[in-house]
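Q: Dropping a structure here in structure tokens format, bear with me for questions.
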């Protein structure tokens, strides 16, 4: 990537003033690439803030369409967007927010057939999905590709965030070792969701991405942060790394057996 231009220095001035980020950190942001899987409740704030922060190449991946029920929490979609593809609408809006960034649109679902190729092309992967099978697929593909995964999940009034596969830290399977085929799963659409929780959680995910890229601050590697808006409480849980989850032969076999059924 080229060095920061004068318009970029003006746009990102507030980052440049931070001693922990500065011009070197903003250059790292510009030189970075991030894939956001899911452009829904979590994806909206992640995509907006990473675009505004100047991520050099941002991929937006989702195959869903916008419906009326999304508008309660997926805040950059409007009534006029109902029926349109999320990835397309999100990409067009982000190109207007920051024409200095390269926005890539992937109007498709992440699957076992495309996951490794997609994930290997980006520096950081952000999990903004709403179901366990997708999270296991992203986690396993990230582990195989050696890519950090910024995880977020929401449930009613609660949001959680962690960073996996980062600097020899634990992975998603270290937190949830169960086979996804045996996990009872539900989505926010089935149980309800407090409207601001995706926004709060997604902003925390965006913060973790920027910390990973710039080296500023301490990412949530080895820790699961849980926020409960109902009681306004933060709790932190330690996660221990299981080396078996990073054995390449085990990973390869598991990817084939679990995700290619």
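Residue numbers (our numbering): 4 to 264.
Built from N, CA and C at the ideal position, the CB exists for glycine as well.
Pick helix, strand or coil for residue 248, following the three-state DSSP scheme.
A: helix
Q: Any beta carbon of chain C sitting closer than 8 Å to that of residue 16?
A: Looking at the structure shown, chain C is missing, and only one protein chain is on hand.
Q: Pull up the distance between the alpha-carbon of residue 16 and that of residue 55, whole angstroms please.
A: 12 Å
Q: Would you kindly work out how many angstroms separate the C-alpha atoms of residue 150 and residue 178, rounded to a whole number?
A: One C-alpha to the other measures close to 17 Å.
Q: Enumerate, from N- to C-terminal direction, the unbroken beta strand (DSSP E) stretches of 3 or more residues contained entirely within the stretch 99-167.
A: 105-109, 127-130, 152-158, 161-167
Q: Where do the ends of the beta strand (DSSP E) carrying residue 226 lie?
A: 226-231
Q: What are the partner residues of residue 239, as DSSP defines its beta bridges?
A: 228
Q: From what residue to what residue does the beta strand (DSSP E) around residue 38 run?
A: 36-40
Q: Whole angstroms are fine: how far does the CA of residue 11 sit from the CA of residue 148?
A: 31 Å
Q: Just to check my reading of the structure: residue 42 and residue 118 have Cβ atoms closer than 8 Å, yes? What is that Cβ distance to the nearest angstrom?
A: With 8 Å as the limit, residue 42 and residue 118 do not qualify as a contact, their Cβ atoms being about 17 Å apart.
Q: Contact defined as beta carbons within less than 8 Å: I believe residue 104 pairs with residue 61. What is the distance between those atoms, to the nearest angstrom?
A: Contact annotation, residue 104 with residue 61: C-beta distance approximately 6 Å; criterion of less than 8 Å satisfied.
Q: Note down the Cα distance separating residue 125 from residue 21, rounded to an integer number of angstroms.
A: 26 Å
Q: Is the beta carbon of residue 57 closer than 8 Å to that of residue 29?
A: yes
Q: List the DSSP bridge partners of residue 61.
A: Under DSSP, the beta-bridge partners assigned to residue 61 are 37, 106.
Q: Within its chain, find whatever has a CB closer than 6 Å to the CB of residue 78; leave out the 5 residues flanking it on each side and keep chain order.
A: 47
Q: For residue 247, is the beta carbon positioned less than 7 Å from some heavy atom of the ligand NAD?
A: This structure does not include the ligand NAD; it has no bound ligands of any sort.
Q: Cutting at 6 Å between CB atoms, please list the residues of its own chain near residue 230, excluding the five before and the five after it.
A: 162, 237
Q: Is it true that the CB of residue 44 sits closer than 8 Å to the CB of residue 141?
A: Taking 8 Å as the Cβ cut-off, residue 141 and residue 44 do not qualify as a contacting pair.
Q: To the nearest angstrom, how far is the alpha carbon of residue 97 from that of residue 251?
A: 37 Å
Q: Identify whether residue 77 lies in helix, strand or coil by the three-state DSSP scheme.
A: coil
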